[in-house]
Amino acid sequence: MTPAHLIARKRDGGELSGDEIAFLVQGFVDGSVPEYQMSALAMAIFFQGMNDPETAALTDEMLQSGVQLQWAGGPGVVDKHSTGGVGDKVSLILAPLLAACGLRVPMISGRGLGPTGGTLDKLESIPGFRTDLSIDEMQSVVDRVGCVITGASEQLAPADRKLYALRDVTGTVPSIPLITASIMSKKLAESLDALVLDVKCGSGAFMKTPKQARELAESLVRTGERMGVSTRALITDMNQPLGRMCGNAVEVQEAIDCLSGGGPDDLRTLTLALAGELLIAAGRSQSLDAVRETLCDRLDSGAAREKFEQMVAAQGGDLSAVRPVASEFAITADRAGFLTTIDTEALGQAIIDLGGGRRRAGEAIDHSVGIDCVARLGQEVQPGDQLVRVFASERSPEIESRIAEAIQICEQPAMNSPLVLSSIR
Ligand code: URA
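Quick note on our numbering: the sequence shown kicks off at 32 and runs consecutively.
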């Protein structure tokens, strides 16, 4: 059997066996299957899809292409993955919160590319914070503190890195089985007991409609379960930024507020919901009501914040050093009415254009840039009321007018989506 035969079978809607998928992925990693054949395979998968055994086999093979973390016996090892949203700083709160509940959280996160921002960029606004830990360093921080948030080592799922680069230039990123294998191969390389996925849906999300979000969430959960990891997903609203702050330094401060028992309601609510799902998936509790009290206590008592401080110190960060925030100006309502829509992606793009995100991989970013979404969907405003505060080193009338246009005010209020649209178990 040659790669060409297998690609042709997939193109015609046939199924590939686990061995055939292993042959193709291993060949791609060792160079015997060239990029043009792997691109053709990705396109065949894009059009024909994959069934559950094929998706799990692809995930497994990409996971096996690199090292897997090893854990000595002890508390459950858990993690969360978010498909990415504007203002989504949940990871910064969730990892220490779960560590404060006695779980181990080896969180491998990414950088922002595109409007949704990246956890590593946010954390790097803390002077000295290292996101390039080796696998040994990462495991040592988890053993000492209970949680770590760091970048993916090149040794984890290298097949995904190579395949993603091809997908990016061949129009094959938006394929449910390819996204599933990409996300799950990296997460399952952490050797988890339980995983929760936050699949975002709406104007600031990769998945714009509930139908697309559900399809991805179900595929992720089925693949995790098939691979022996207790997996759950929440489909959550991304029609406005999560919390008020979007940017880097400003999001870290909002996460610290939440870790200290404060912060915006939606951010706290979603963090508690995801943490609750994980505690149940890890077998720590039977019901969300029962875990809620514990989780609220860990936030309100300062226990989660203490874990965050320990994690930051273990990763070289100095929380007492200044995290600069650029000078601010407000954009105000020009009429009375209700906030009915926010083009959340446009706000994320404005942050990039102000220097707070990157257009190309590897670009430097300005951590002091951000937006504070003062007004929320459904809120009634009067002319002159603040809609957003923009933190920027330089003013740009063009970007400011795009931000203003991203927020619609109408005479009648509109129906808002709930924060958690559904859960998949
Ligand atoms: N995130 C990933 O890690 N991979 C994808 O394919 C899409 C989003």
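A virtual CB, placed ideally from N, CA and C, is assigned to each residue, including glycine.
| Query | Result |
| --- | --- |
| Do K231 and H112 come within 8 Å of each other at the CB atom, strictly closer than that value? | no |
| Report back the beta-carbon spacing between L134 and P106 to the nearest angstrom; my notes put them in contact at under 8 Å. | 5 Å |
| So is E85 in contact with chain D if we call contact Cβ pairs under 8 Å? | The chain labelled as chain D is not found in the depicted structure, where only one protein chain is given. |
| May I have a chain-ordered list of the beta strand (DSSP E) segments no shorter than 3 residues that lie completely inside the segment 103 to 137? | 109 to 113 |
| Cα separation between L193 and A377? | Sequence check: residue 193 is Lys here, not Leu. The straight-line gap from Cα to Cα measures roughly 30 Å. |
| Under a criterion of Cβ closer than 5 Å to any non-hydrogen atom of the ligand SAH, which residues qualify, in chain order? | Absence of the ligand SAH from the depicted structure is noted, with the ligand URA being the only ligands included. |
| To which residues does DSSP link Q439 through a beta bridge? | T372 |
| Among V343, R263, R354, which has the Cα closest to the Cα of G314? | R263 |
| Compute the beta-carbon to beta-carbon distance between G235 and P205, rounded to the nearest angstrom, for a pair I have assumed lies under 8 Å. | Contact doesn't hold; Cβ gap of about 16 Å is too wide. |
| Suppose the cutoff is 7 Å on Cβ atoms and the five residues either side in sequence are ignored; what does the same chain contact list for D296 look like? | none |
| Quick check for students: name the residue ranges of the alpha helix (DSSP H) that lie wholly in the segment 171 to 233, counting only runs of 4 or more. | 189 to 201, 207 to 219 |
| Helix, strand or coil, according to DSSP, for Q99 in the structure here? | coil |
| Applying the 10 Å Cβ sphere with the 16-neighbour rule, what's the burial state of V117? | buried |
| So, Q380 versus P146, is the Cβ gap smaller than 8 Å? | yes |
| In terms of residue numbering, what span does the beta strand (DSSP E) encompassing F422 cover? | 417 to 422 |
| Considering I157, what are the terminal residues of the alpha helix (DSSP H) in which it resides? | Premise fails: I157 is in no alpha helix (DSSP H) and is neither H nor E. |
| Determine the closest residue to D384 out of I396, V136, A225, D374, with distance taken between C-alpha atoms. | I396 |
| Would you decide whether A445 is buried or exposed? Buried here means 16 or more other CB atoms lie within 10 Å of its CB. | exposed |
| Can you have a look at N82 and say buried or exposed, based on whether 16 or more other CB atoms are within 10 angstroms of its CB? | exposed |
| What is the DSSP secondary structure of I396, counted as helix, strand or coil? | coil |
| Could you spell out where the beta strand (DSSP E) holding L251 opens and where it closes? | No beta strand (DSSP E) contains L251, which is instead part of the alpha helix (DSSP H) from 241 to 257. |
| Kindly give me the distance between the Cβ atoms of M74 and T203, rounded to whole angstroms, as I take these residues to be in contact under 8 Å. | 6 Å |
| Write down the C-beta distance between C178 and A103 rounded to the nearest angstrom, noting that I regard them as a contact closer than 8 Å. | The Cβ separation is near 16 Å, so there is no contact. |
| Could you round the C-beta distance between A244 and I266 to whole angstroms and report it? I think they count as a contact, below 8 Å. | 5 Å |
| So does the segment 445 to 456 actually touch the segment 410 to 420, counting three or more Cβ pairs closer than 8 Å? | no |
| Could you check the C-alpha separation between E431 and N270 for me, to the nearest Å? | 20 Å |
| Could you tell me the alpha carbon to alpha carbon distance between P189 and A364, rounded to whole angstroms? | 49 Å |
| To which residues of the same chain is S48 closer than 8 Å at the C-beta, ignoring the five residues directly before and after it? | A88 |
| Looking only at its chain, what residues have a beta carbon closer than 6 Å to the beta carbon of G415, apart from the 5 residues adjacent to it on each side? | T363 |
| How close, in whole Å, do the beta carbons of L128 and T302 come, if the pair is a contact with beta carbons under 8 Å? | 7 Å |
| In this structure, does DSSP put S140 in helix, strand or coil? | strand |
| What residues in its chain sit with their C-beta under 7 Å from that of G143, if we drop five residues either side in the sequence? | G149, D152, G388, R389 |
| If you measure between the beta carbons of E442 and G368, is that distance less than 8 Å? | yes |
| Quick check on this structure: which residue in S351, P241, C132, L187 has the alpha carbon closest to the alpha carbon of F160? | S351 |
| Please go through the same chain and pick out, in chain order, the residues whose beta-carbon is closer than 7 Å to the beta-carbon of R198, but skip the five residues on each side of it. | A73, V204, L209 |
| Whole-angstrom Cβ separation of L226 and V322, contact assumed at under 8 Å? | Between V322 and L226 the Cβ distance is about 17 Å, and since that is not below 8 Å, they are no contact. |
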